[in-house]
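Q: For the numbering used here, count along the first sequence from 1 and bump the result up by 2.
Even for Gly, the Cβ is constructed at its ideal location relative to N, Cα and C.
Mind looking over this structure? Questions follow.
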Amino acid sequence: MKIFNTLSSQKEEFLPQGSEVRMYVCGITPYSDSHLGHAMSYVLFDAIRRYLQFRGYRVKYVQNITDIDDKIIDRAARLGISAHELAGRYTDAFFEDMKALNVLPADVYPRATEEIPKMLEIIQGLVDKGYAYPAESGVYFRVRNVPDYGKLSNRTIESMEAGIRIESGEEKEHPMDFVLWKAAKPGEPSWASPWGPGRPGWHIECSAMSVRYLGETIDIHGGGQDLIFPHHENEIAQSESFTGKKPFARYWMHNGLLQLGEEKMSKSLGNLITIRQSLEKNTADAIRIFVLGSYYRSPLTYSEEVMEAAERGAERLRQAVRDETMGTGMEKDAALIDVESFRRRFIEVMDDDFGTAQAVATLFDLAREINRERDAGHNAVQARVALSELARVLGLTLKPPERPFLVAEPFIELLIATRRELREAKQWQLADNIRSKLAEVGVLLEDTSKGTIWKAKR
RNA sequence: GGCGACGUAGCCAAGUGGUUAAGGCGGCGGUCUGCAAAACCGCUAUUCACCGGUUCGAAUCCGGUCGUCGCCUCCA
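This is the structure:
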């Protein structure tokens, strides 16, 4: 298996340290609803995790929740609630979104506010070793003591100095130094520390959680490309300085960013589509096909049209696995489909840095084979089982979408029965009328050899 | 300005030195159907932004030009 490692800028053979893959993916800051950019990242890493398990690895997956930061504090103050309450609310919403997207839960979701002791331990260690220094406004990391600072984002301290503006009142020894511990301002939530009451800086939590739950060297560290600098660069600097062990993470994986129109979809720009908005119009399978239909390191542009295409594709796969359309008198599997070759192809493309786009294409090809056999009167059971199984590795359920007409179902069935009688009496006009009227209210009928089936139009 | 990514059919998107350039959506024609839908079959890029170069051979490597995007500040 090969993985593109941001650290080396090339594909490397994946060799985990042990039988259990230790994986850390940067999580959210819960101050508003999560958007499709988040969905992209977490769907991807979910697929990676599922694939590693499919290949026989045990995986320990940790994802942090940054439940204290400037934006949470600001937003909570404006709403007149506590930062804790606000963060809790959006963390719950995030979990709901993930569940709806069929993202498997992480093994641990550590929250920043619950990991303060470990952070203080690391900060103290960094101070003791001379990698950090306290000042009035907080404790800072001394970037110049790290000779290889910039190795992940491919930049040097010198090259960055040019564009840096030094703000007045800065207490930092060097403009690139970053804060580990922020001294509390009046009215802000704070925790006691040897340097006075305060709260953690942004990067320290990931180091603390990573080390605590996964050890000093982890296998895979993932996140969006927007985190490469400064977040992951600083994580490396502080973690490796603290533990004295390199590398902090053996494989750094970064997904490309979701674009909306001409720009990146992001909270700060405000041009976003939330996961729940998207789920109102599209199924989770469609969103996953949209995300996994291209190479994860490339940027992906959202549009209604592309989502619609993904939805139709999802429907096509569902059609192939469902058995309502299979006749009862069909021959069972004449072993006409070489299921193993599809499985091999799936593994081959996924082994090459998680080629999900080609994996999805493999699913479509298998679906076509299944449909072809069905048309020829063969019930390709094994192939359909394989399609479901491989789809599940990508987190696709291929289950029919929820039918939103629960109460109306008996009436729909009644209309279908009436229409059947009309068709038997060759009252085509009336029968067609029922079909088109139902279509107008979002119920699509299909007359198959086994009878009429219906589905809800999304 | 520095670092990085990218430009493949109407749209999305694989492929990164050598058989007919994956797959999805859309479109057109056909099969099936009372008609549809779904499904299947066929067609839909002699060509991979442009210009040079290397090579027996390049979408794939090198140089240049044009264009798009990201990061360098909070962000998946």
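Report yes or no: do three or more beta-carbon pairs, one from the stretch 415-423 and one from the stretch 448-458, lie closer than 8 angstroms?
A: Short answer: they touch.
Q: Excluding the five sequence neighbours on either side, which residues of its own chain have a C-beta within less than 6 angstroms of the C-beta of F6, listed in chain order?
A: The residue given as residue 6 occupies position 4 in the first sequence. Excluding sequence neighbours, F6 sits near K13, D355.
Q: What residue range is occupied by the uninterrupted alpha helix (DSSP H) comprising Q279?
A: The residue labelled residue 279 in the question sits at position 277 within the first sequence. 277-283 is the extent of the alpha helix (DSSP H) around Q279.
Q: Just tell me which of N284, A95, S209 has its CA closest to the CA of K247.
A: Stepping through the first sequence from its first residue, residue 247 is reached at position 245. Closest option to K247, Cα to Cα, is S209.
Q: Out of T276, A251, R252, W254, which has the shortest C-alpha to C-alpha gap to L262?
A: Numbered from 1 along the first sequence, position 260 holds the residue referred to as residue 262. Comparing Cα positions, the closest option is T276.
Q: Would T93 pass as a contact of E207 if the rule is Cβ separation under 9 angstroms?
A: Stepping through the first sequence from its first residue, residue 93 is reached at position 91. Stepping through the first sequence from its first residue, residue 207 is reached at position 205. In this structure, E207 does not lie closer than 9 angstroms to T93 by Cβ.
Q: So, at 7 angstroms on beta carbons, what are the nonlocal neighbours of L271 in its own chain, with the 5 sequence-adjacent residues on each side left out?
A: To locate residue 271, count along the first sequence from 1; it is residue 269. Result list for L271: E265, in chain order.
Q: For the stretch 353-371 and the stretch 384-392, state whether three or more C-beta atom pairs, one from each stretch, are separated by less than 8 angstroms.
A: Output reads yes: the stretch 384-392 touches the stretch 353-371.
Q: Quick check: what's the CA-CA separation for G90 versus G82?
A: Locating residue 90 in the first sequence gives position 88, where the first residue counts as 1. Locating residue 82 in the first sequence gives position 80, where the first residue counts as 1. For G90 and G82, the distance between alpha carbons rounds to 15 angstroms.
Q: Compute the Euclidean distance between the alpha carbons of I291 and P402, then round it to the nearest angstrom.
A: The residue you call residue 291 lines up with position 289 of the first sequence. The residue you call residue 402 lines up with position 400 of the first sequence. Each residue's Cα considered, the two are about 15 angstroms apart.
Q: Along the chain, where does the beta strand (DSSP E) containing M25 start, and where does it finish?
A: Sequence index remark: in the first sequence, residue 25 carries index 23 (1-based). First-last of the beta strand (DSSP E) with M25: 22-27.
Q: Terminal residues of the continuous alpha helix (DSSP H) containing Q240?
A: For the purposes of this step, residue 240 is taken as residue 238 along the first sequence, with counting starting at 1. Looking at the DSSP string, the run of the alpha helix (DSSP H) that includes Q240 is 235-245.
Q: Alpha carbon to alpha carbon, how far is L182 from G189? Give it in angstroms, no decimals.
A: The count along the first sequence starts at 1 and reaches residue 189 at position 187. The count along the first sequence starts at 1 and reaches residue 182 at position 180. Those two C-alpha atoms are separated by around 20 angstroms.
Q: For P202, is the classification buried or exposed, using 16 other Cβ atoms within 10 angstroms of its Cβ as the cut-off for buried?
A: As a working note, residue 202 is residue 200 in the first sequence. Counting Cβ neighbours within 10 Å, P202 comes out buried, since at least 16 surround it.
Q: Residues in the same chain with beta-carbon distance under 6 angstroms from E242, minus the five sequence neighbours each way, listed in chain order, please.
A: To locate residue 242, count along the first sequence from 1; it is residue 240. Only K248, F250 meet the Cβ criterion.
Q: For the candidate residues A85, Q279, L440, whose alpha-carbon lies nearest to that of P32?
A: Numbered from 1 along the first sequence, position 30 holds the residue referred to as residue 32. Here the closest residue by C-alpha is A85.
Q: What distance in whole Å lies between the Cβ atoms of R345 and L392, which are believed to be in contact at a cut-off of 8 angstroms?
A: Here residue 392 is taken as the residue at index 390 of the first sequence, counted from 1. Here residue 345 is taken as the residue at index 343 of the first sequence, counted from 1. About 7 angstroms; that satisfies the 8 angstroms criterion.
Q: Under 8 angstroms by Cβ, that's how I've got V293 and A41 pegged, so tell me the actual separation to the nearest angstrom.
A: Position 291 of the first sequence, counted from the start, is the residue given in the question as residue 293. Position 39 of the first sequence, counted from the start, is the residue given in the question as residue 41. At roughly 7 angstroms, the Cβ-Cβ gap stays under 8 angstroms, so V293 and A41 are in contact.
Q: Do the CB positions of R52 and I349 come within less than 9 angstroms of each other?
A: Numbered from its first residue, the first sequence carries residue 52 at position 50. Numbered from its first residue, the first sequence carries residue 349 at position 347. Contact: no.
Q: Whole-angstrom Cβ separation of H256 and I222, contact assumed at under 8 angstroms?
A: Against the first sequence, residue 256 aligns to sequence position 254. Against the first sequence, residue 222 aligns to sequence position 220. So it is not a contact: roughly 11 angstroms between Cβ atoms.
Q: Does H37 come out as helix, strand or coil in the three-state DSSP assignment?
A: As a first step, residue 37 is located in the first sequence; it is residue number 35 there, counting from the start. Strand at H37.
Q: Taking the Cβ atom as the reference point for each residue, do V110 and Q65 lie within a distance shorter than 9 angstroms?
A: Within the first sequence, residue 110 is the residue found at index 108, counting from 1. Within the first sequence, residue 65 is the residue found at index 63, counting from 1. The answer is yes: Cβ separation under 9 angstroms.
Q: Would you mind working out which of S21, Y26, V45, D377 sits nearest Y297, comparing C-alpha positions?
A: Taking the first residue of the first sequence as position 1, residue 297 is located at position 295. Checked all of S21, Y26, V45, D377; the closest Cα to Y297 is V45.
Q: Taking the alpha-carbon positions, what's the G444 to R314 distance?
A: Stepping through the first sequence from its first residue, residue 444 is reached at position 442. Stepping through the first sequence from its first residue, residue 314 is reached at position 312. Answer to the nearest angstrom: the Cα atoms are 16 angstroms apart.
Q: State the beta-bridge partners of G224 as determined by DSSP.
A: As a first step, residue 224 is located in the first sequence; it is residue number 222 there, counting from the start. Beta-bridge pairing links G224 to V27, M255.
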